[in-house]
Structures are given as C-alpha cells and as structure tokens.
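Numbering of the sequence shown is given in the working numbering, commencing with residue 3 and proceeding in unit increments.
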Amino acid sequence: RPLLITSDDIALTCEPVQAAHVKEYKNPDGDGVFKLTVKNNSSRPVEIPALLRDSHTKTILWEESVFVITDAGNHFFPGHGQARDVEPTLLEPNESVSTKLDTLTLHDLSWPQGGWRLHLRFCLGDKATEGSYYYFTDHHEPIRKNAQKKSSAIVN
3 RPLLITSDDI
13 ALTCEPVQAA
23 HVKEYKNPDG
33 DGVFKLTVKN
43 NSSRPVEIPA
53 LLRDSHTKTI
63 LWEESVFVIT
73 DAGNHFFPGH
83 GQARDVEPTL
93 LEPNESVSTK
103 LDTLTLHDLS
113 WPQGGWRLHL
123 RFCLGDKATE
133 GSYYYFTDHH
143 EPIRKNAQKK
153 SSAIVN
C-alpha cells in the first residue's frame, strides 16, 4: 500500500517493557515487548491516515499500521494483511493511544546467535521511533519459538 502520512502534530514513541522475570546479563532490556504510543500534541482533533482502525468496531489495527525496520529489512507483525473495512484513527486534542507489541513474533528476521543488541525502528507512516534490546539466544530463543506460533503480536 502507499505510504500513509501523519501530521507534524503527531508523535510516535516507544519504550521497552520490563520482563516479568529479569535475569542479569540475559534480558536487562526486557523480552522484546515494546509499548508504542501515538499522541496528538495539537489543540485540535487530528485524523491519522497511517493509524488504521476497523470502521465497524473502531478498534485500532496496530499490526496493520506499524512495521519494523532492522538491518535485515522490513518486517510485519503476524496480524498484518488481515483487515478489511478500515478508516483513519481520529485523536482528540492531547489524546494518546498505546499498545504493547511483541517483536519476537516478527517473521523473516535473522535472529542473532549468542548475545547481540537488536536495533529496531518502529514505523507508522512517515514517523519512526527507535528501540533496542539485548537478545541472548539461550534465554530468548525458547520464548521466540513460542511467540512465532501466535497469530497476533499484541500483548495485553
């Protein structure tokens, strides 16, 4: 699909979600889950064509809207490409919306062996925000194998 834009009043941020069980030297930055937030910093409502929502339920379709760039290329979340009947999301003045996405669900990514800092660029239309975490094979590989079976990257 064509690149969908976001206005200058829209901010996209990400932050790693701390793991439930932190293990020193293995997952100091979490287990690949990131909280993404989109905020309208203006004093007027803003329609965001890049942030799609279901036109019936009004549920934001994060996996349709966000993709990730790594050194290995562009990567989509498992729920990408499933939606029909979509519309842009409208955010009221100073309103923000957030979700948590599990990057271990990403397919076609060359997962490092040993220990490696994995750099991710989360993209929403023409906006991007960067995050990273330390991927330690012995710790993250079993978690990743389970995550790969999921049909959605959204974490509740």
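Cβ atoms here follow ideal geometry from the backbone N, Cα and C, with glycine treated the same way.
These numbers were taken from a predicted model, which means no experiment stands behind them.
Next item on the list: Look up D104 in the DSSP assignment and say whether it is helix, strand or coil.
Entry: Locating residue 104 in the sequence shown gives position 102, where the first residue counts as 1. Note: D104 maps to strand in three-state DSSP.
Checklist line | Burial state of G75, where buried means 16 or more other Cβ atoms lie within 10 Å | finding: Locating residue 75 in the sequence shown gives position 73, counting from the first residue. G75 is exposed by the Cβ-count criterion.
Check: Whose CA, out of H77, P47 and A130, lies closest to the CA of E17?
Finding: In the sequence shown, counting from the first residue as 1, residue 17 sits at position 15. Ranking the options by Cα distance to E17, first place goes to A130.
Item checked: Alpha carbon of L103 to alpha carbon of G81, nearest angstrom -> Position 101 of the sequence shown, counted from the start, is the residue given in the question as residue 103. Position 79 of the sequence shown, counted from the start, is the residue given in the question as residue 81. Roughly 11 Å between the two C-alpha positions.
Notebook entry, point to check: How do the segment 15-32 and the segment 48-55 stand: do at least 3 beta-carbon pairs fall below 8 Å, yes or no?
Noted result: no
Next item on the list: Determine contact between the segment 25-40 and the segment 88-106, defined as no fewer than three beta-carbon pairs at a distance below 8 Å.
Entry: yes
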